[in-house]
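S.K.: Position 241, counted from 1, in the sequence shown is what the working numbering calls 1684; the numbers after and before it change by one each time, with no gaps. Note that CB positions come from ideal geometry on N, CA and C, so glycine has one too. Before we start, here is the structure in question, set down as structure tokens.
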Amino acid sequence: MSVNRPAAVVVLAAGEGTRMKSKTPKVLHEISGRSLVGHVVAASRELDPEHLVVVVGHRSEQVTAHLTPADDDRLRTAHQAEQKGTGHAVRIGLDELGGAVEGTVIVVCGDTPLLSGETLRALAATHTADANAVTVLTAEVPDSTGYGRIVRDPADGAVTAIVEHKDATDAQRAIREINSGVFAFDGRLLADALGKVRTDNSQGEEYLTDVLSILREAGHRVGASVAVDHREILGINNRVQLAEARRLLNQRLLEQAMMAGVTVVDPASTVIDATVTYERDALVHPGTQLLGTTHLGEDAEVGPNTRLTDTVVRAGARVDNTVADRAEIGEGAMVGPYAYLRPGTRLGTKAKAGTYVEMKNATIGEGTKVPHLSYVGDATIGDHTNIGAASVFVNYDGVAKHHTTIGSHCRTGSDNMFVAPVTVGDGAYTAAGSVITKDVPPGSLAVARGQQRNIEGWVARKRPGSGAAQAAQAATSERNSES
């Protein structure tokens, strides 16, 4: 076990966030594929803490349901019924863990989505190495207006005070090192000091920062760990800050992808979620959004103007001007332009879903092509089959969905309707313009269309004097003169 592994991480996520002006709790607003608190929890997990507890309050049921899926038994929530300050919230969190905790307790804010696991690890390491009772995560900012200033002992660098802007002297206001609201505590000392925090302040609340002065006055050392990037500590209080955090996080994620070997042609027009994965030499064109658990295989090429959600793109596949949701695109496959792959679509190796093709819950075999203007829903198509242009898989009878199966090495004509449930056997052909309502045996040709009739003179009788009638008369006269 790492010596810097914390005994617990307590995430403060009970506030309402009124400045967001939203029915959604602030910590559940999303950027880059996770909620604000989801980003904080993910960073906290990188420390591998023995305990991880999120203190919830406003709309606690909604936040708890978001945080604790059925397959996650490591994260716990504690309910702060009344928001009586940050110190009170931490005390509620520790009560969930049975009270005082032996070891390091890290307290983080649930609205700081840019906070990284690396910065939290540095905080924990500094706390252990300096044998502090409390270690404050700080940052040096270009403009410290409005923030609590960190006042240090010039002799040993220990933190002697956190002074709020309104209470600071001119000299203290010149300090650019600020408090982030993130701390590492000795668990036993924290629990004891929380019991001594008073509420004789203008808000009548228990302030966590009071713990620092309580421990310092008791002779314990308060230290600091400075974040490398001051933007990591930014909290989100309104939609403007939410958008700025999204921009910064997206930039960070794209840089990570590029450093891992992905070519991003235009980062300014590309969006990527924190949960996206990729392999080297993937190529991303402008106007592309990679969302959810999307994965790009080696040499995959996506975009421009493509949105992929929870979609796997295998090695060497090409996806152009496409929307795909929960789809799987096989190795070397081609999709688009202007294709729509809906949930359950699986394209085999070197398969094709071409221009203006929509697919849903469809499995397309190796080398099979659906090149143009078609809808394939609730279907299985074998290998090396070609589906003619303007084909529709008629899967819905108004009550239930039905399945169509087309075998391997089939050739289906243009403007075909496959009325499910129906099966076309291996090696079969269907004629253009057919409505296939019955199974087609392997190797057969199915023709399902009315016999053509030509009614001569119809235009002259029904549309006399029209442009069509005049053109027809001229053509008839020319034909008669040639004969």
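#1: Could you check whether the region 1485 to 1504 touches the region 1608 to 1615, counting it as contact only if at least three pairs of C-beta atoms, one from each stretch, sit closer than 8 Å?
#2: Between Ala1456 and Ala1782, what straight-line distance do the alpha-carbon atoms span, to the nearest angstrom?
#3: Have a look at Gly1560, Val1837 and Val1813 and flag the residue whose alpha-carbon is nearest the alpha-carbon of Gly1779.
#4: Under 8 Å Cβ to Cβ from Leu1876, same chain only, skipping five residues before and after it: list those, please.
#5: Under a three-way DSSP split, which group does Ile1474 fall into?
#6: Excluding the 5 residues flanking Val1800 on each side, which residues of the same chain have their C-beta closer than 6 Å to its C-beta?
#7: List the endpoints of the continuous alpha helix (DSSP H) containing Ser1559.
#8: Three or more C-beta pairs closer than 8 Å, one from the region 1502 to 1511 and one from the region 1467 to 1480: is that the case here?
#9: Can you check DSSP and say which residues form a bridge with Asp1768?
#10: Determine the burial state of Ala1590: buried for a count of at least 16 other Cβ atoms within 10 Å of its Cβ, exposed for fewer.
#11: Using CA coordinates, which residue listed in Gln1895, Gly1546 and Ala1874 is at the minimum distance from Ser1887?
#12: Apart from the five residues just before and just after Asn1693, which ones in its own chain have a Cβ nearer than 7 Å to its Cβ?
#13: Excluding the five sequence neighbours on either side, which residues of its own chain have a C-beta within less than 7 Å of the C-beta of Ala1601, listed in chain order?
#14: Tell me which residues share the same chain as Pro1885 and place their Cβ nearer than 8 Å to its Cβ, disregarding the 5 neighbours each side in the sequence.
#15: With distances taken between CB atoms, is the gap from Ala1532 to Leu1651 smaller than 9 Å?
#16: Is it the case that the Cβ atoms of Arg1517 and Glu1539 are separated by a distance below 9 Å?
#17: Express the C-alpha separation of Val1483 and Gly1530 in angstroms, rounding to a whole number.
#18: Spell out the partners DSSP gives Met1860 in its beta bridges.
#19: Check whether the region 1632 to 1650 touches the region 1448 to 1466, counting contact only when three or more Cβ pairs, one atom from each stretch, lie closer than 8 Å.
#20: To the nearest angstrom, how far is the alpha carbon of Thr1511 from that of Leu1558?
#21: Looking at the unbroken alpha helix (DSSP H) that takes in Val1483, where does it start and where does it end?
#22: From Arg1723 to Asp1586, what does the alpha carbon distance come to, in whole angstroms?
#23: What residues in its chain sit with their C-beta under 6 Å from that of Arg1659, if we drop five residues either side in the sequence?
#24: What does the Cβ neighbour count give for Ile1898, buried or exposed, with the cut at 16 atoms within 10 Å?
#25: I need the boundaries of the beta strand (DSSP E) containing Leu1816, first residue and last residue.
#26: Could you check what DSSP says for Met1444 in three-state terms: helix, strand or coil?
#27: Quick check: the Cα distance between Ala1912 and Ser1920, rounded to an integer number of angstroms?
#28: Do Ala1700 and Val1707 have their beta-carbon atoms positioned less than 9 Å apart in this structure?
#29: Per DSSP, what kind of secondary structure is Ala1508 in: helix, strand or coil?
M.R.: The relevant details are as follows:
#1: no
#2: 41 Å
#3: Val1813
#4: A quick correction: the sequence has Gly, not Leu, at residue 1876. Answer for Gly1876: Gly1856, Ser1857, Asp1858, Asn1859 and Arg1892, listed in chain order.
#5: strand
#6: Ala1782, Val1813 and Ser1817
#7: Here Ser1559 belongs to no alpha helix (DSSP H), and DSSP marks it neither H nor E.
#8: yes
#9: Thr1752
#10: The sequence given here has Tyr at residue 1590, not Ala. With 16 or more Cβ atoms within 10 Å of its Cβ, Tyr1590 is classed as buried.
#11: Ala1874
#12: Ser1475, Val1714 and Ile1715
#13: Arg1595, Arg1664, Val1665 and Gly1666
#14: Gly1850, Gly1868, Asp1869, Gly1870 and Ala1871
#15: yes
#16: no
#17: 19 Å
#18: Val1835 and Val1878
#19: no
#20: 21 Å
#21: Leu1479 to Arg1488
#22: 39 Å
#23: Val1665
#24: exposed
#25: Lys1812 to Ile1824
#26: Unreliable placement is indicated for Met1444, whose pLDDT of 49 sits below 50; the coordinate value is still reported in the next sentence. Correct three-state label for Met1444: coil.
#27: 12 Å
#28: yes
#29: helix
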